[in-house]
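Report on the structure given below.
Protein chains: 4
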Amino acid sequence: MSSAMESNQHVFLISCPDSQGLVHKITGVLFRHKLNVIENQEYVDRHNKSFFMRTEVMGEFDRDTVLGELKKELPTKTEIGLYPQTAKNLVILVTKEPHCLGDLLLHQAAGDIKAKISAVVSQYDYLRELTERFDIPFHHVPVGEKTRAQHEVLLEKIIDPYNPDLLVLAKYMRILSPKFVAKYKNRIINIHHSFLPAFKGEKPYTQAYERGVKIIGATAHFVNEALDEGPIITQEVVRIDHTQDAASLARSGKAVERAVLTKAVNLLIENRVIVQKQRTLVFE
Amino acid sequence: MSSAMESNQHVFLISCPDSQGLVHKITGVLFRHKLNVIENQEYVDRHNKSFFMRTEVMGEFDRDTVLGELKKELPTKTEIGLYPQTAKNLVILVTKEPHCLGDLLLHQAAGDIKAKISAVVSQYDYLRELTERFDIPFHHVPVGEKTRAQHEVLLEKIIDPYNPDLLVLAKYMRILSPKFVAKYKNRIINIHHSFLPAFKGEKPYTQAYERGVKIIGATAHFVNEALDEGPIITQEVVRIDHTQDAASLARSGKAVERAVLTKAVNLLIENRVIVQKQRTLVFE
Amino acid sequence: MSSAMESNQHVFLISCPDSQGLVHKITGVLFRHKLNVIENQEYVDRHNKSFFMRTEVMGEFDRDTVLGELKKELPTKTEIGLYPQTAKNLVILVTKEPHCLGDLLLHQAAGDIKAKISAVVSQYDYLRELTERFDIPFHHVPVGEKTRAQHEVLLEKIIDPYNPDLLVLAKYMRILSPKFVAKYKNRIINIHHSFLPAFKGEKPYTQAYERGVKIIGATAHFVNEALDEGPIITQEVVRIDHTQDAASLARSGKAVERAVLTKAVNLLIENRVIVQKQRTLVFE
Amino acid sequence: MSSAMESNQHVFLISCPDSQGLVHKITGVLFRHKLNVIENQEYVDRHNKSFFMRTEVMGEFDRDTVLGELKKELPTKTEIGLYPQTAKNLVILVTKEPHCLGDLLLHQAAGDIKAKISAVVSQYDYLRELTERFDIPFHHVPVGEKTRAQHEVLLEKIIDPYNPDLLVLAKYMRILSPKFVAKYKNRIINIHHSFLPAFKGEKPYTQAYERGVKIIGATAHFVNEALDEGPIITQEVVRIDHTQDAASLARSGKAVERAVLTKAVNLLIENRVIVQKQRTLVFE
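Residue numbers (our numbering), protein chains in the order written: chain X, 1 to 284; chain F, 285 to 568; chain A, 569 to 852; chain Z, 853 to 1136.
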């Protein structure tokens, strides 16, 4: 994927029932408005008779006029997202583990991801020092005697003034209520490790050790009501071997979680992901 | 791993409770018998206080004398396997899918694996033509009205005269009884695909499609009473994307199954695997 | 990539100078002829101001009419390839090594690649037995006292009646003359291994051993006048380690060559590759 | 590899001409001194008739006595390194690029590598801010009118008081003199990217783009007189595609450089690398 961003670049993400001539109609609107198509990808899901398109354009245009013309040309049930290719605004939620947060902070500091990390929020105070090294505000919101609902109200009070494009759960180990998840629909992403083959239950790295697992994976996904089962954004694996004890497996797991979460954040920043029911289309 | 094989090479696979001086004692016996150590690997499982060693030696020696001396030097519960590094004798069980069988046949024909494929056995007649292209006997053992026990008696009658070192289930889609599995303990290997994260149930590739899975894996493992849960030998993955329908995912799954099964067979042929409870130690 | 093929599917591969409205114009022609777009990918090379498009369509149409209309709509220097998505016709050239040939034969036999292997041709007789196991004609064309030109005339006499879509050099270890290469322009593909970092000269695997190289790669590419430097189609690598001697490195090298050549053949069979100067665009 | 470190753990790295009974003799010395062997790996280079062993032991012992006994038992030309498994002391040299430095700083801050980064040194002042975020001293040593020799004298004056175990060139873009390299023999490591297949000359990412390269690799190696050709420690690759322009290729190259350098540093910290002529043995 090419990811240079310029101020007058925008991405259209379009989903609609499939029919003939869709690309022709869409590009016709863009052509009339003298928009330059930089990158264009379509995908037809023949099984579900659905059409998806990601189009990255360069040029000046009136947002409402173009969206209006597109809607007139396309089927009734069409959904269109229109996003400027500018830096996204992130709020990161963490608990105690620094590896995912650190990777995001570092990439931002090096200019390798087009994000502004506006704040880091946690139910503990552990990661304050790391966060503040990068001059980013850290908010400690202890749980204490609060109910989940009460705690989430406090989270929202801190998060909402930043108006984030994306809430990144960087090893945030608390379950979020369906109400909270619904409020930030398709804007919360999470990371978790997994194993081949999978197993349920406590102490996963101990189980992985006992089973002699040879590969650890990590999955970045949107959060929906089912915490670890929202649409998958991206995945990666790392090879392990019998000389690794549970602690060493955990280190390997962290390394792959970190890489996968940063990659997922990048895909979302560049507006490369469309959610369709329980799955994503990723236009890399 | 180095895998050139010569006729006077042998591998010792040793497991025992850990204690001080084990390597010294073992290599002392080998040294007295003027055996040249070509490759030597040990692993101490500190959690379970167990010691494991794979030693590949070159030279002439009297099998019983050396094994006797080793047993005298080592703790009571020591298990020692002693294997010549010569071509292994395989019988392959298949159903209808040709991809894993074909890869093994081809590698054998090219001399890339040190195996003699003695026979291919199946409950169907589908893969006869492919097998016989390579001048290998194909045995069709239909199930018909037979019970599992009756069918397995027929299988054994065909398999046992070949005296195989290894029974390879190359997409053999019938469950084997605990009795059959026990008879060939630690000598039956199986291959299956899996997903990150995993899910149970029918039509796995359709589920993988619906969930938008981005990685397919394959696991080669020993067969024990729990068909797909014996000790894992090796695993590999392949990346997939949203443009693949269920049929295309199935093709990717086959490719990775094929590669992983052939790799596992190679590890066993070279005597690189020790089974310890529910896990394997793989000395690559 | 989705690769199911149906008889009324075609692929357009279009290259032209970039200008506004190209996608709109092209899809307009397809729309007027009621062609269903199944898969569509474009790429704009902004550096070279070039536009590339791969469009897979389904439906009945008159070839000349559609091509004529496209040419009228598009810039003067446009190149359009139009290919039916049907099985391609291959002739394979080999020398002595069986690994790449075997993999292609096996995939064809299993129906995993949409190719008809029409013939195998070699300057030696080594691989006759393997080829004939799959009921495919093998032609032995010894070099003897012949000049390169004389030998190639004999090759052409054998190859041309098969009218191949693709000449696959599956470890064919003889240099082809510029004249021969020009005759089959962009239809000859070759495979070779390489190392990170690279080195020149004799006995590459011995050099790789001495340098302690940790990765071996393989590159499938089109053959042009510079034998190993035509446009790259696809590449893959395999990890190696210090326990591997030169012979073992050579085995690893073969495994990756085999996988890469088969993958490249598949990409070409599905018409996913456009050659642009010294590089390829691969629409996976 | 298992990498938990405890204060009374040590690693022996032994190289000597091969002969019978070496493992027996070495482990005999360790056994007499009641040292527990935690991890043990040997490798016999049959081609060069050389023996290599990495042994990790736990326990109290007198360093000189044990080394003396080992030398008495082993051939004349034996080389023995004995290293405590404690955190290593690093000095990092950089120029302008932050990606490799940042990854090392972050891993150290997270406790993921057992290193103390004592200082960062550069001919420019660019990376001061990043370094000081982690409370590590940054030394700016401008080149100005100085000769290479004069500049290196200043570098040594800064480096030597830190008494580093390892000098890490984290994209340090200045050639070091043979004299400087010899002073820190086998203690300087460097990182560079490379391509499959390789090419020489200016603007490598532009060349990679023009050639349509599909894979970028990175190599971490010891620095010897030939700057980029010292013994290779580890390598990794990343897949790229035709949609990436030279700038995007450069980003991919940085990501793989960063991962590979950090991995190499870890291997050295854990004393897993033996240099043998132009190659390394890596006991993972």
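A virtual CB, placed ideally from N, CA and C, is assigned to each residue, including glycine.
Identify, in the order they occur along the chain, each residue of the same chain with its Cβ nearer than 8 Å to the Cβ of residue i, setting aside the five sequence neighbours on each side.
i, result
"F/GLU436", "LEU460, SER461, LYS463 and PHE464"
"X/ALA246", "LYS203, TYR205, THR206, ALA208 and TYR209"
"Z/HIS951", "LYS1023, LYS1106, ALA1107, GLU1109 and ARG1110"
"A/ARG614", "ASP586"
"X/LEU130", "PRO98, LEU101, GLY102 and LEU105"
"F/ARG519", "The residue asked about is misnamed: residue 519 of chain F is Gln in this sequence, not Arg. Counting only Cβ-Cβ distances below 8 Å, and skipping sequence neighbours, we find GLY501, ALA502, THR503, ALA504 and VAL544."
How big is the Cα-Cα spacing for residue i and residue j?
i, j, result
"F/LYS498", "Z/PRO936", "43 Å"
"X/LEU281", "X/GLU210", "36 Å"
"Z/LYS948", "X/ARG279", "41 Å"
"A/LEU661", "A/ILE808", "29 Å"
"X/LEU166", "X/GLU132", "20 Å"
"Z/SER855", "Z/ASN892", "With a pLDDT of 41 at Z/SER855, under the threshold of 50, the modelled position of this residue cannot be trusted, and the question is left open."
"A/LYS645", "X/THR78", "37 Å"
"X/ARG251", "X/GLY217", "12 Å"
"X/GLN276", "X/ARG54", "14 Å"
"A/ILE757", "A/LEU737", "6 Å"
"F/TYR408", "F/GLY395", "28 Å"
"F/CYS300", "F/LYS309", "13 Å"
"Z/VAL1089", "X/ILE233", "22 Å"
"X/LEU155", "X/ARG174", "12 Å"
"X/VAL143", "X/ARG128", "17 Å"
"X/LEU267", "Z/PHE1047", "25 Å"
"A/TYR730", "A/GLU628", "28 Å"
"Z/LEU887", "Z/ALA1034", "35 Å"
"F/THR431", "F/ILE420", "28 Å"
Could you tell me whether any Cβ in chain F is nearer than 8 Å to the Cβ of residue i?
i, result
"X/ALA210", "The amino acid at residue 210 of chain X is misidentified as Ala; the sequence shows Glu. By this cut-off, X/GLU210 is an interface position."
"Z/HIS1003", "no"
"X/LEU15", "Reading off the sequence shown, one finds Ser at residue 15 of chain X, where the question assumed Leu. No, X/SER15 lies away from the interface with chain F (no Cβ there is under 8 Å from its Cβ)."
"Z/GLN937", "no"
"Z/THR879", "yes"
Got a sec? Which residues, its chain only, sit under 6 Å from residue i by beta carbon, not counting five neighbours each side?
i, result
"Z/VAL896", "ASP870 and PHE903"
"Z/GLY1082", "HIS1073, PHE1074, VAL1075 and ASN1076"
"X/LYS116", "ALA87 and ASN89"
"A/LEU642", "CYS584"
Mind checking if residue i is an interface residue toward chain Z, Cβ cutoff 8 Å exclusive?
i, result
"X/HIS10", "no"
"X/MET5", "Reliability of the predicted coordinates at X/MET5 is poor, the pLDDT of 46 falling under 50, and no value is obtained from them."
"F/ASN324", "yes"
Determine, for residue i, whether the minimum Cβ-Cβ distance to residues of chain X falls below 8 Å.
i, result
"A/PHE748", "no"
"A/HIS601", "no"
"A/GLN803", "no"
"F/HIS308", "no"
Got a sec? Which residues, its chain only, sit under 7 Å from residue i by beta carbon, not counting five neighbours each side?
i, result
"A/LEU635", "ILE648 and LEU650"
"F/PRO448", "ASN373, LEU374, VAL375 and SER402"
Please confirm if residue i has its CB atom under 8 Å from at least one CB of chain A.
i, result
"F/GLY501", "no"
At least one CB of chain B closer than 8 Å to the CB of residue i: is that the case?
i, result
"Z/VAL1020", "Going by chain labels, chain B is absent from the structure shown, which instead holds the protein chains X, F, A and Z."
What are the residues of the stretch 895–918 of chain Z that lie near chain F, defined by any Cβ-Cβ distance shorter than 8 Å? TYR895, VAL896 and ARG898
When Cβ atoms are compared, which residues of the stretch 672–689 of chain A fall closer than 7 Å to chain Z? none
Using a Cβ cut-off of 9 Å, which residues of the stretch 415–433 of chain F contact any Cβ in chain A, in chain order? ARG417, PHE418 and ASP419
Entirely enclosed alpha helix (DSSP H) segments - the stretch 91–133 of chain X, minimum 4 residues: 99–109 and 128–133
Quick one: complete beta strand (DSSP E) runs, 3+ long, within the stretch 33–92 of chain X? 36–45, 50–58 and 79–84
Anything in the stretch 530–564 of chain F with a Cβ closer than 9 Å to a Cβ of chain A? List those residues in chain order, please. ALA531, SER532, ARG535, LYS538, ALA539 and ALA543
In chain order, each alpha helix (DSSP H) run of at least 4 residues that lies wholly inside the stretch 199–225 of chain X: 204–211
Using a Cβ-Cβ cut-off of less than 8 Å, give me the residues of the stretch 375–388 of chain F that come near chain A, in sequence order. PRO382, HIS383, GLY386 and ASP387
Please give the ranges of any alpha helix (DSSP H) in the stretch 801–840 of chain A, keeping only runs that are unbroken, at least 4 residues long and fully inside the region. 814–837
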